[in-house]
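Single-structure report; data block below.
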Amino acid sequence: MSTLFYIVEAAVKAVFVLFAIAFPLASLLIWQERKQSALIQDRLGPNRAFINLPFIRRFRFFGLLHLVADSIKMFMKEDFMPAGARPFLFQMAPVLALAPVLLVFAVIPFGDTLLLYLPDKDLFYAVNLSVASLDTGLLFLLAVISLTVYGTVLAGYAPDSKPGMLGALRAGAQMFSYEAAMGLTVAGVLMVYGTMAIDHIARAQDSLVLGFLPAWGVVYQPLGALLFLIAATAETKRVPFDMPEGESEIVGYFVEYSAMKFGTFMFAEFLEVVAVAALLTVLFFGAYHLPWLSWNHHVIPWLTGLIGAHTVTPGLNIQVVSLVTALLQLLVFMAKVGFFCFLQLLVRWTLPRFRYDQLMDFGWKLLLPAAMINLALTAVAVLALGKAG
Amino acid sequence: MSGRKDDPRRLWSDPPAGPPPLAEGLKPLGHDELDIELGPAHPAMHGIVKLKLRVEGESIIRCEPEVGYLHRGFEKTCEHRRWTQCIPYVDRLNYVSAPVNDIAFCMTVEDMLGVAVPARAVALRTLLMEAGRIVDHLTCLGASAMELGAFTAFLWLMQAREEWYFFLEHYCGARITTNLSRIGGQPYDLFTGFEAEVEACLKKTEDMVFKVHKLSTRNRIFHDRLRGTGVIDADTALDLGFTGPLLRGSGLDLDLRKARPYLLYDKLDFHVPVGLHGDNYDRYLVRLEEIRQSASLVRQVLHAIPEGPLMVEDPHISLVPKTAVYNHIEGIIHHFKLLTGGHAVPAGHWYKAVEAPNGELGFYLVSDGGGMPYRVRARPPSLYATAGLPEMLKGQMIADVVATFGSINMIGGELER
Amino acid sequence: MDLAGLRLILEEKHQGAVEDAAASPPDNDELLLNAAFLRPVCDTLKHHPRLSFRLMADLCCVDLLAWPGFDPATDKRFMLVYHLYSVAHNRRLRLKTLAGGDDPAVDSVAAVWRAADWPEREIHEMFGVRFNGRGDLKPLFLYEEFQGHPLCKDYPLKGQQPVVDLRAPLPLREDPAHFQTAFEKAYFRPVGLTQIDNTARLPESMLAEGALARLSQAAKAYKKRHGIDGQGLPGPVRGGGDHERP
Amino acid sequence: MHANTGHTQSDGPKDTQTRSSLPDFMAENRPLSLAEKLYVPAMARGLAMTFGRFMANFLFKRHIVTSSYPEQRREVSDRWRGRHRLTRRAEDGGLACVACKMCEMACPSHCITIVAEERTLPLVTSRQRIDKRPRSFTIDMARCIYCGLCVEACPEDAIRMDTGIIATVGYQRAEVCLDRNNLAKPPPPMHPLLHQDLRYPDDALLPRILRRYLGKDR
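Chains as they are written, first to last, in my numbering: chain A, 1 to 389; chain B, 1001 to 1417; chain C, 2001 to 2246; chain D, 3001 to 3218.
Here you go:
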């Protein structure tokens, strides 16, 4: 296999992850946030945008067309830059806010392995279903997540705006503080599974613990999962940690941005929600695995039996089974991600927001010690149970 | 009133909690002050007001409210309107609870005229005033919750408020600017299904308030945002002219409904909630409790509205019934006389205050004996509350501005008139 | 303690401070004060244990220019009205005091009750009455460039205020360069507005062109007709009050 | 200082009919317990509440209060003070207004302008009657504050605010300055869409079959 092949493979997977998983989920999330908040608050939510189809007049599609309308609006609006802004940084900030979030998706496995049948050589090529299966996936993850702060801080700093600057300062402090706790919780997972490769961690969650519990991260690390969720919500700057935005105090670090530049920030925020949900799924909630139903031991044999009767060549048989398995895994993965997105939105519409000093207190005095205790307990348990290897 | 400070139920003794003050003379690293302006068009500044803040980091060093964006010359306008014509203008003082303003103004003029309003109108006025109080507190609590980020609580409370507005619409034909009182009584009688509708409003209010209470009150995030912020002790509050829930939150149970009973209040059973610490959390609880008390008051009055006339039966005070206008020359003469000449309020001046939702709403009216007021002065509770805002924000953080500003419930209409 | 007792206490401490008293309990008892004694009397009212008027409920002003029988040549024009409330004794008191002349002024009571701060600023802009012994009297509701005093009876109902140059918001402290963001520097420069004639359409005073003499004559005629002598100030409405509460 | 004993634990009136169902809120003025300090109970309760509300609305639209405004309009009350109209006489169909200008006088915002003229009424009895009528009757709806004092002032029942029109709109001020003809016209018929049941315009979040399983709307 040539290098070109690897590049093409990675590119195809990247395009798939972004355009089949990340972007649709993030856009849907914008709609879902509006609709879900509306239903919580006894409203109907967006339902007015419509198109006239040949046989359906006023086709509203549950308000989803508002996404189209909104994006058209975002692109059409005047892109305004304040007079005192530093133009280069001002232009760069949205990009810097969006790029690291996209990079997070590079290491997230959305399925196990897809076998590609190469008929001319009569052999299978195994495609790992994550864009990059890095050996140091967790490290990469932490490194990339810590990059998001640049976009945020620059967004506040570049336009020379006071509320923006305050928001940027808040964002910087908050993200640095919660990264520590997040890193420690992730380290717990690392200890339990003994690997940094995220796809290995995902695969390891297939079996059962004590014979009846799925070997998910949350079973080993219940506190860790909770802490990760909290820390990651803080990283994404969503309620109750939306101090940098704080729309009723300082209007937010992106206060001077308009049109699609603002849209980019918003989109990045929702992408972060998806990313957090995906990470939570992969690290703690069994990735693409079903509880008590192993792909390797139950599903694939069953599928082989089911499909095998109707196919002619074994190669093609395996190919079809692999494809169906991958699709099912993707489905399971998406369902879990969807659930956690829902949960995050529910939290967002339930809680008020912290104050800056309370946020810091919470991060340093509650979250970080808890994460440390969790880490210490994990270390002791891992040593005691001899699972370190 | 300084006796409040050693109340054993207080959570802290003085000085109150909150972010520690910056050490004097010691400049922290990177010491620089920043002036920022919240408003006049700012999500938290409901009404139009500008807060000029000088902050050091997140801590507020100085605060200066800049008002006047909603000044529209109410007092000057009323000097050129007949007494009855002032009532729609009075509506627009505290536009959230317009019935209270209307009734207070009419009661003041009735005092000057020396007329007694029929019992039915008195009972109805009591009910409407309490309804206004509930509406106002619902709005205030909802808006404060929204500014803390709890948008859901806001919309739940707004639903209850809508019920009351529908009720007001059924009663007087308008939701907000009600114009529902006249000099000499109430022009509108009960409508069919009045009791049921009030009961429905009360039920909805209690339902929603209970929900929001469950959602917020014991939530630590909410608690921490309010507890120990915007602290003001009773002495300072009184000195600054605070009244109403602000003063009661500081522990002084000054309520004009008890201290100076008007309407039916001395015959009704209710108690005045007071806070212990004078912070935003106390004011939040006081408002919640006042909703509960007002709901009880509405129920007490609702089942005891006597039969009888609604307006003073004096053609010099209230308009004669329309049948008399249509059919009798005497009636039409009185009608024209009252409309063109206005009320013959004797010369002199008068001050009367009622317990509006935000505090003491007083009307100081001067009459020169003509058909128009010589001078109309409304004593707006919001003016004094907003003037005292810097005192409450001293040493607090930027995020506390919205919580404190929400709890004083500034209403631009009555502040700036 | 009724109004007479209250008056006694005050006169004991401040000889000649109370010029007149009118009782109309419970809410409309009033005293007419000699303006020179305003500040010390207020101090006494607030701090005397038997008075203890801790709450200044309201402070407002009445322009007596159009009041029946008012003679601008001799009478003081502005009546300042203080509504006090004693929480301890649950009573109200109204103080009246007069200010007049070319530069009407009274002593500030903002040092006694801090609540008086904003109302004094409001009265200053609305009536032009100055308050001695306090800090800035910058406009509360109106803007710095506003011409005239709108709540005065001679302020015309129709007319237009001069157009004011667009300016940056007034700074909190004297350092505009620091205060302004770059945005404000760029956008709040008064460009192109200097051509506007901002002296046009000043409010015309009703008192121009000998109106003072005419008003004086009318006042004398009124006083003669109604048999009033001395100052016919507004007092509590006779027979006013909460009658026959059911 | 009177009765400054802090909050007294009184449960309000003893009569059960008038007692509120709400708890004593001042009792909440106490420090947070340890569990509450850990954010857990309130957060769990809050999430349960919002989730319950969400599901009730998602599946059954139980509490939805939104009305889809232009298509669906709520009924306004009988006493609703909407846009004015001028009534007509039963006998000859002419305007009932006699141009007495009482409404103009009662209007606090000076939005009514009437110019009167004389008119000769048809011979009802042997005498010919001469009456006043408005040559022009203008209401500047941009100034009107909908206080209803004009209706109270009218001695002829000639002006009413019972059209149920909740907003008078126009692109220019002149368009909302209504003259005699506009005011005397009967209110325009409702939009045809109004007759359809458009409470939730194809906004079903669940397929209809599922909803039939789970229960009906309201």
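Quick reminder that beta carbons are idealized off the backbone N, C-alpha and C, glycines included.
In whole angstroms, what separates the C-alpha of residue i from that of residue j?
i, j, result
"residue 299 of chain A", "residue 119 of chain A", "25 Å"
"residue 3205 of chain D", "residue 3054 of chain D", "Its pLDDT being 41, under 50, residue 3205 of chain D is placed unreliably in this model, and the value from its coordinates should be taken loosely. Going by the C-alpha atoms only, they are around 12 Å apart."
"residue 191 of chain A", "residue 374 of chain A", "11 Å"
"residue 3178 of chain D", "residue 2149 of chain C", "36 Å"
"residue 1209 of chain B", "residue 1409 of chain B", "18 Å"
"residue 1182 of chain B", "residue 1091 of chain B", "12 Å"
"residue 3 of chain A", "residue 1216 of chain B", "58 Å"
"residue 2051 of chain C", "residue 2004 of chain C", "13 Å"
"residue 2037 of chain C", "residue 2011 of chain C", "11 Å"
"residue 345 of chain A", "residue 287 of chain A", "21 Å"
"residue 1267 of chain B", "residue 1294 of chain B", "14 Å"
"residue 1246 of chain B", "residue 1285 of chain B", "11 Å"
"residue 181 of chain A", "residue 371 of chain A", "6 Å"
"residue 3037 of chain D", "residue 1397 of chain B", "22 Å"
Measuring CB to CB, does residue i end up less than 7 Å from residue j?
i, j, result
"residue 163 of chain A", "residue 40 of chain A", "no"
"residue 3145 of chain D", "residue 3082 of chain D", "no"
"residue 235 of chain A", "residue 196 of chain A", "no"
"residue 329 of chain A", "residue 117 of chain A", "no"
"residue 226 of chain A", "residue 219 of chain A", "no"
"residue 2059 of chain C", "residue 2116 of chain C", "yes"
"residue 1110 of chain B", "residue 1298 of chain B", "no"
"residue 82 of chain A", "residue 247 of chain A", "no"
"residue 231 of chain A", "residue 157 of chain A", "no"
"residue 2092 of chain C", "residue 2027 of chain C", "yes"
"residue 1051 of chain B", "residue 1102 of chain B", "no"
"residue 26 of chain A", "residue 274 of chain A", "yes"
"residue 1221 of chain B", "residue 354 of chain A", "yes"
"residue 1310 of chain B", "residue 1412 of chain B", "no"
"residue 1320 of chain B", "residue 1126 of chain B", "no"
"residue 1044 of chain B", "residue 1402 of chain B", "yes"
"residue 3087 of chain D", "residue 3096 of chain D", "yes"
"residue 98 of chain A", "residue 233 of chain A", "no"
"residue 1367 of chain B", "residue 1385 of chain B", "no"
"residue 326 of chain A", "residue 111 of chain A", "yes"
My assumption, with CB atoms under 8 Å, is that residue i sits in contact with residue j. Please give the rounded CB distance.
i, j, result
"residue 358 of chain A", "residue 1253 of chain B", "Residue 358 of chain A to residue 1253 of chain B, Cβ: 31 Å. No contact."
"residue 2326 of chain C", "residue 2111 of chain C", "This structure cannot settle anything about residue 2326 of chain C, because the visible part of chain C is limited to 2001 through 2246."
Taking three-plus beta-carbon pairs below 8 Å as touching, is the segment 2039 to 2054 of chain C in contact with the segment 2066 to 2076 of chain C?
-> No, the segment 2039 to 2054 of chain C is not in contact with the segment 2066 to 2076 of chain C.
The segment 102 to 110 of chain A contacting the segment 194 to 211 of chain A, beta-carbon criterion three pairs below 8 Å = The segment 102 to 110 of chain A is in contact with the segment 194 to 211 of chain A.
Inter-stretch contact at 8 Å, needing at least 3 Cβ pairs: the segment 1228 to 1245 of chain B / the segment 1189 to 1199 of chain B = Between the segment 1228 to 1245 of chain B and the segment 1189 to 1199 of chain B, the count of Cβ pairs shorter than 8 Å is below three; the stretches do not touch.
With contact counted as at least three CB pairs below 8 Å, one residue from each stretch, are the segment 3079 to 3093 of chain D and the segment 3150 to 3162 of chain D in contact?
-> The segment 3079 to 3093 of chain D, when compared against the segment 3150 to 3162 of chain D, does touch it at the 8 Å Cβ threshold.
For the segment 2080 to 2095 of chain C, which residues have a beta carbon sitting closer than 7 Å to at least one beta carbon of chain B?
-> So the list reads 2081, 2083, 2087, 2090 and 2094, given in the order they occur along the chain.
Could you tell me whether the segment 2094 to 2113 of chain C touches the segment 1222 to 1233 of chain B, using the rule of 3 or more Cβ pairs below 8 Å?
-> Counting Cβ pairs under 8 Å, fewer than three are found: no touch.
Any residues in the segment 3136 to 3150 of chain D with a beta carbon nearer than 8 Å to a beta carbon of chain B? Which ones, in chain order?
-> From the segment 3136 to 3150 of chain D, only 3145, 3146, 3147, 3148 and 3149 have a Cβ closer than 8 Å to chain B.
When you check each C-beta in the segment 1078 to 1094 of chain B against every C-beta of chain D, which residues fall closer than 9 Å?
-> Contacts with chain D (Cβ-Cβ distance below 9 Å) from the segment 1078 to 1094 of chain B involve 1081, 1082, 1084, 1085, 1086, 1087, 1088, 1089, 1091 and 1092, listed in chain order.
Between the segment 142 to 161 of chain A and the segment 38 to 57 of chain A, do at least 3 Cβ pairs fall closer than 8 Å?
-> Cβ pair count under 8 Å is below three, so no.
The segment 1332 to 1344 of chain B in contact with the segment 3142 to 3157 of chain D per 3-pair CB rule at 8 Å = At 8 Å Cβ cutoff, the stretches touch.
Report the residues of the segment 348 to 373 of chain A with a CB closer than 8 Å to any CB of chain B, ordered along the chain.
-> Within the segment 348 to 373 of chain A, 349, 350, 351, 352, 353, 354, 355, 356, 357 and 358 place their CB atoms closer than 8 Å to a CB of chain B, listed in sequence order.
Selection of the segment 1347 to 1368 of chain B by Cβ proximity to chain C, strictly under 8 Å = Going along the segment 1347 to 1368 of chain B in chain order, one finds 1347, 1348, 1349, 1350, 1351, 1352, 1353, 1360, 1362, 1364, 1366, 1367 and 1368 with a Cβ nearer than 8 Å to chain C.
Members of the segment 137 to 166 of chain A that neighbour chain B once the beta carbon cut-off is set at 9 Å | Using a CB distance below 9 Å, the part of the segment 137 to 166 of chain A facing chain B consists of 162, 163, 165 and 166, ordered along the chain.
Given 8 Å, three or more beta-carbon pairs between the segment 3108 to 3116 of chain D and the segment 3059 to 3078 of chain D | Cβ pair count under 8 Å is below three, so no.
In chain order, what residues of the segment 64 to 79 of chain A put their CB closer than 8 Å to some CB of chain D?
-> Closer than 8 Å at the C-beta level to chain D, one finds no residue of the segment 64 to 79 of chain A.
Assess, as a yes-or-no matter, whether the segment 1246 to 1260 of chain B is touched by the segment 1272 to 1287 of chain B under the definition of 3 or more beta carbon pairs within less than 8 Å.
-> The segment 1272 to 1287 of chain B is in contact with the segment 1246 to 1260 of chain B.
Residues within the segment 246 to 264 of chain A neighbouring chain B, beta-carbon criterion of under 8 Å = Here the close residues are 246, 247, 248, 249, 250 and 251.
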